[in-house]
Amino acid sequence: MKTLFRSLLITLAATAIGIAYASDDPKDTAQTFFTELFNGDVNKAIPLMHVPPETLKDTGVDEAVFKGKISTVATMMREEAKKAGSEISVDVGDVTYTNDDKTQAKVHVTIKGKEGKDSEESDDIPLIKTEDGWKVVFD
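In the numbering used here, the protein residues as written are 2 to 140.
Structure, rendered in structure tokens:
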């Protein structure tokens, strides 16, 4: 009975993790990625990243090191915002598909409070649909 119960818990945990990380909607992926990244739960954000092989080649580091650097930058941004007395908030806007088969998209993202209470930065963030759902592209 213990083995059956343990197997059930492991299956439920794996399913919950899959739901937290994978999404069939690029807008949801972008929202989850930036929210988790700036809230400090990098372990939920990192699996939502896609780093093209050519980017890794250009930087001369492996994927784990690259993702670690992104994590470090996010931590620094969060600390700067705290010092300035602000919180980082993320607003995700419209999705624009950039190819006919809708496996690549750009999502308009606005990050507020990055450097101070009134600061704001917006950009169109590229995403790609993978076997594991949508991922934010870092190139």
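Even for Gly, the Cβ is constructed at its ideal location relative to N, Cα and C.
Source: prediction; values computed, not measured.
Ordered along the chain, which non-local residues of its own chain (more than five positions away) have a Cβ less than 7 Å from that of residue i?
i: Ile-126; result: Ala-31, Lys-107, Val-108, Val-110 and Val-137
i: Gly-114; result: Ala-82, Ser-87, Glu-88, Ile-89, Ser-90 and Ser-120
i: Phe-67; result: Val-52, Leu-57 and Thr-60
i: Arg-79; result: Phe-39, Gly-41 and Ile-89
i: Leu-9; result: Because Leu-9 sits at a pLDDT of 31, beneath the cut-off of 50, its placement in the model cannot be relied upon, and the point is left open.
i: Phe-34; result: Ala-46, Leu-49 and Val-137
Would you please state the rounded distance, in angstroms, between the beta carbons of residue i and residue j? I believe it to be under 8 Å.
i: Thr-73; j: Asp-140; result: The Cβ separation is near 19 Å, so there is no contact.
i: Gly-94; j: Ser-24; result: So it is not a contact: roughly 16 Å between Cβ atoms.
Might you give, ordered along the chain, the residues of its own chain that have their beta carbon closer than 8 Å to the beta carbon of residue i, omitting 5 neighbours on each side?
i: Pro-123; result: According to the sequence shown, residue 123 is Ser rather than Pro. These residues qualify, in order along the chain: His-109, Val-110, Thr-111 and Ile-112.
i: Val-62; result: Lys-70
Closest by CA to residue i, which one among the options?
i: Thr-99; options: Ile-71, Asn-40 and Lys-130; result: Lys-130
i: Ala-65; options: Lys-84, Val-43 and Met-77; result: Val-43
i: Thr-36; options: Ala-75, Asp-101 and Pro-54; result: Ala-75
i: Thr-104; options: Glu-132, Asp-92, Met-77 and Lys-84; result: Glu-132
Take residue i and list the residues in its own chain whose beta-carbon comes closer than 6 Å to its own, dropping the five residues that flank it on each side.
i: Ile-47; result: Lys-68
i: Val-96; result: Pro-27, Lys-28, Ala-106 and Val-108
i: Asp-92; result: Thr-111
Please state if the CB of residue j and the CB of residue i are separated by a distance shorter than 8 Å.
i: Pro-54; j: Leu-128; result: no
Runs of alpha helix (DSSP H) wholly within the region 32–107 (minimum 4 residues, chain order): 43–46, 54–60 and 64–84, all fully within the region 32–107.
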